[in-house]
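The listed protein sequences derive, respectively, from chains A and B. Quick note on the working numbering: the first sequence kicks off at 3 and runs consecutively. Quick note on the working numbering: the second sequence kicks off at 3 and runs consecutively. For each residue, glycine too, the CB sits at the ideal point set by N, CA and C. Data first, discussion second: the structure below is written as structure tokens.
There are 2 protein chains.
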Amino acid sequence: MLVSAAPAPEQTAIDDPGFKGAVANLQRLTGDDLTLVNEEIVAAMRSPVAMIPDLAGHLVQAGGKRLRPMLTLAAARAFDYKGDSHVKLAAAVELIHAATLLHDDVVDASALRRGLETANVIWGNKESVLVGDFIFSRAFELMVEAGDLCVLQILSSASGVIAEGEVLQLATQKNLNATFEMYLAVVESKTAALFAAAAQAGAVIAGADGDASEAFRRYARNLGIAYQLVDDALDYSGYEAALGKRVGDDFREGKMTLPIVYALQRATDEEKAFWRRTISEGRQNGDDLAAARAALERTGAIDDTIACARRFADQALIDLERAPQNVYSHALAELAAASVNRGY
Amino acid sequence: MLVSAAPAPEQTAIDDPGFKGAVANLQRLTGDDLTLVNEEIVAAMRSPVAMIPDLAGHLVQAGGKRLRPMLTLAAARAFDYKGDSHVKLAAAVELIHAATLLHDDVVDASALRRGLETANVIWGNKESVLVGDFIFSRAFELMVEAGDLCVLQILSSASGVIAEGEVLQLATQKNLNATFEMYLAVVESKTAALFAAAAQAGAVIAGADGDASEAFRRYARNLGIAYQLVDDALDYSGYEAALGKRVGDDFREGKMTLPIVYALQRATDEEKAFWRRTISEGRQNGDDLAAARAALERTGAIDDTIACARRFADQALIDLERAPQNVYSHALAELAAASVNRGY
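Right under this line is the structure:
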């Protein structure tokens with residue numbers, strides 16, 4: 003029930019304490035570590051070239067939920083980790099994410115992120131590309147400092163997969179023949195791979211055995227897919243003030259997300275022509291986003307996208323059953339359960 | 003003597019067998035390893051996303067001199083290294099370089115590289131940014147496979163410094179107050195840092211002690227500076243057919259390279275106004291490149307840039323005296339000695 007002509011249902015979702023509460027609980031549990039992660043991030047962006055901390059700080063310090071680094075921290079703590087490498091790894095994970103966002107915003111020509119103007123709008127595309135490279139390099143330096151080759155393998159491999167997913171997404175853009183499988187391949191690589199690697203890295207650095215670290219990896223992969231599916235639904239059904247970014251960005255860029263894949267499967271001839279013009283040919287006018295939302299509602303595409311997300315979130319809960327049961331794994335379970343009902 | 007109204011001096015430089023011979027000698031010495039490096043590079047770019055090997059292959063397989071990976075290979079062989087990690091590291095070094103070139107060409111909107119149209123022109127800027135990220139990630143995966151944390155630290159730190167240098171270059175662009183020191187800081191980070199790390203990594207993986215690996219690092223740093231200085235001179239004085247890229251690219255982008263820094267120091271009022279209009283304000287017309295070349299010639303700026311390059315090349319030779327003396331270090335010495343007299 004995330005899509006409606008009336009605002010009430012989304013308002014409900016935004017006010018739903020479930021997701022916000024689950025994030026707040028994880029933030030509380032990982033609080034001291036999370037403070038250290040933020041300090042590592044600020045330190046990593048130091049540079050005599052003033053534009054670097056300015057631009058990077060604009061993005062990173064604007065916040066975000068810090069979901070990915072919390073996965074690393076919680077997974078390490080779930081195995082009673084006593085060292086400090088998990089902080090460096092969590093910071094590295096957030097920096098990989100930040101570098102990806104910077105390059106994403108250039109590629110998508112986005113204007114708003116986390117409630118602020120994007121770096122590419124303020125500083126320029128060139129600057130965003132190069133500072134993204136800098137942040138990416140700093141992420142690797144932090145991983146190397148953590149000093150575990152197995153973890154380095156996990157995270158460096160994930161970062162390659164992310165880039166692969168971004169290219170695949172670009173290649174499927176505007177392609178109305180994109181299937182559920184193609185969409186899922188994009189989501190798995192551009193989003194779920196980093197979620198999975200973040201959690202697995204935390205478990206591995208803490209000395210978890212193969213089965214237990216694998217449980218965290220699978221959990222986080224499925225959480226990541228659920229999370230991205232909801233994101234893609236919110237791009238049509240959310241509120242800008244809550245999202246911190248513009249609604250309809252995916253539509254304007256002609257991205258083939260799951261709502262569109264579903265809507266096309268049940269489209270009338272008139273709707274097919276509409277999607278062809280707006281997505282495939284990229285010819286849009288001012289009323290088209292509203293028309294797209296109406297077509298998505300008529301076909302039940304948003305509800306079905308959320309239902310699909312729920313299946314992945316449910317699987318994430320099953321995956322976690324094979325992990326040690328403690329406050330950390332319980333908080334992660336709560337996060338997965340609530341991840342489908344969120345408005346931001 | 004690289005600048006002249008008549009073509010003869012450049013022709014001499016192009017035909018000068020010194021640099022070509024030195025490169026060929028290194029290629030012969032590292033031949034089997036270099037073949038393996040090329041195989042690693044091709045393997046690293048494999049992806050089910052077809053655009054990735056297509057785009058990456060266009061750049062990487064177009065060639066280039068493979069100077070940086072040869073530094074890694076020669077340094078490792080100079081210490082009689084018997085393993086195979088040096089091949090992975092050399093491939094990683096070339097991939098870092100390739101990723102940087104892809105992003106550079108987007109940032110500079112370059113149209114020609116290594117005698118071919120640039121990837122950003124053929125595939126687009128977005129694709130070049132994302133495939134650059136992919137190549138960069140693959141470089142890290144290869145380094146991790148090599149399995150030496152000390153080498154990982156050397157190379158990941160260098161890649162951060164490169165990005166910092168690229169941002170600094172962007173920040174000094176069009177700034178007529180840029181000094182020799184600012185220019186050198188850009189060159190040290192955007193070019194010399196990877197040369198230095200490439201050679202040091204080869205020595206360290208081969209088990210060289212601190213003094214000996216430091217000798218290779220310093221040698222390669224100074225070689226890298228000399229190399230970039232000549233590059234910046236050739237951007238005004240070279241021949242396109244030999245360079246494989248357009249002459250005057252730096253001028254059109256308003257880059258503050260050493261020839262301009264020198265020319266400004268000795269500029270007439272009229273020349274100052276010329277540089278202000280063309281570099282600072284970026285207002286150029288068809289005759290301006292020829293006028294720029296004339297001003298550089300009148301002030302001796304190209305000759306002085308080459309003379310400065312020679313001082314760094316000479317220092318590189320002195321640095322190498324502290325390294326083991328064998329066919330590899332002798333070939334590297336020959337390269338440094340010849341690096342100043344090149345036309346491509």
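In the DSSP assignment, V62 (chain A) falls within the unbroken alpha helix (DSSP H) covering M53 to V62.
The beta carbon of M53 (chain A) falls within 8 Å of a beta carbon belonging to chain B, placing the residue at that interface.
DSSP lists B:L118 as the bridge partner or partners of R115 (chain B). Residue environment: G167 (chain A) is assigned as buried (16 or more neighbouring CB atoms within 10 Å of its CB, all protein chains considered).
Non-local C-beta neighbours of A113 (chain B) in its own chain, meaning closer than 8 Å and more than five positions away in sequence, comprise E119, T120, V123 and R248, ordered along the chain. Here the alpha carbon of Q155 (chain A) sits roughly 42 Å from the alpha carbon of R295 (chain A).
In the three-state DSSP reduction, E323 (chain A) falls in the coil class, being neither helix nor strand. With fewer than 16 other beta carbons inside 10 angstroms of its own, F182 (chain B) counts as exposed. If you check the CB distance, A165 (chain A) and S87 (chain B) do not come in under 8 Å. Annotated three-state conformation of A208 (chain A) is coil, per DSSP.
Assignment of A265 (chain B) by DSSP, reduced to helix, strand and coil, places it in the helix class. Annotated three-state conformation of R48 (chain B) is coil, per DSSP. Listed along chain A, the residues sitting closer than 7 Å to K128 (chain B) by beta-carbon distance are V109 and L172. With respect to the 8 Å criterion, A297 (chain B) and E273 (chain B) are classified as neighbours on the basis of their beta carbons.
For M184 (chain B), the enclosing alpha helix (DSSP H) starts and ends at F182 to V189.
With the rule of 3 Cβ pairs closer than 8 Å, the region 140–149 of chain A does not count as touching the region 216–234 of chain A. Inclusion of L178 (chain B) and L260 (chain B) in the CB contact set at 8 Å is not warranted, their separation being larger than that value. Counting only Cβ-Cβ distances below 7 Å, G149 (chain B) has contacts in chain A at L151, in chain order. At least one CB atom of chain A sits nearer than 8 Å to the CB of L154 (chain B).
Looking from the CA of E216 (chain A), the closest CA among A:A199, A:D316 and A:E255 belongs to A:A199. Setting aside the 5 residues that flank it on each side, S191 (chain B) is surrounded in the same chain by V163, E166 and G167, each with a C-beta closer than 6 Å to its C-beta; the list follows chain order. In the three-state DSSP reduction, M258 (chain A) falls in the coil class, being neither helix nor strand. Cα atoms of A309 (chain A) and P71 (chain B): separation of roughly 51 Å, rounded to the nearest angstrom.
For H88 (chain A), no Cβ of chain B is located within less than 8 Å of the residue's own Cβ. For A340 (chain B), the uninterrupted alpha helix (DSSP H) segment begins and ends at V329 to A340.
Chain B has a Cβ within less than 8 Å of the Cβ of V133 (chain A). By the Cβ criterion, the region 193–207 of chain A is in contact with the region 75–92 of chain A, since at least three pairs of Cβ atoms, one from each stretch, lie closer than 8 Å. Residue-level contact by beta carbon fails for R219 (chain B) and chain A, as no gap is shorter than 8 Å. In this structure the region 102–110 of chain B does not lie against the region 24–32 of chain B, because fewer than three pairs of beta carbons, one per stretch, are closer than 8 Å. The beta carbon of E283 (chain A) sits no closer than 8 Å to any beta carbon of chain B.
By the neighbour-count criterion, in which 16 or more other beta carbons inside 10 Å mark a residue as buried, E323 (chain B) falls on the exposed side.
Chain-ordered, the chain A residues with CB closer than 7 Å to the CB of A165 (chain B) read L132, D135, F136 and S139.
At least one beta carbon of chain B lies nearer than 8 Å to the beta carbon of F142 (chain A).
Along the region 119–154 of chain B, the beta strand (DSSP E) does not occur as any fully enclosed run of 3 or more residues. In this model, D271 (chain B) and R278 (chain B) are separated by some 10 Å (Cα to Cα). Taking C-beta atoms as the reference points, L334 (chain A) and Y221 (chain A) count as a pair closer than 8 Å.
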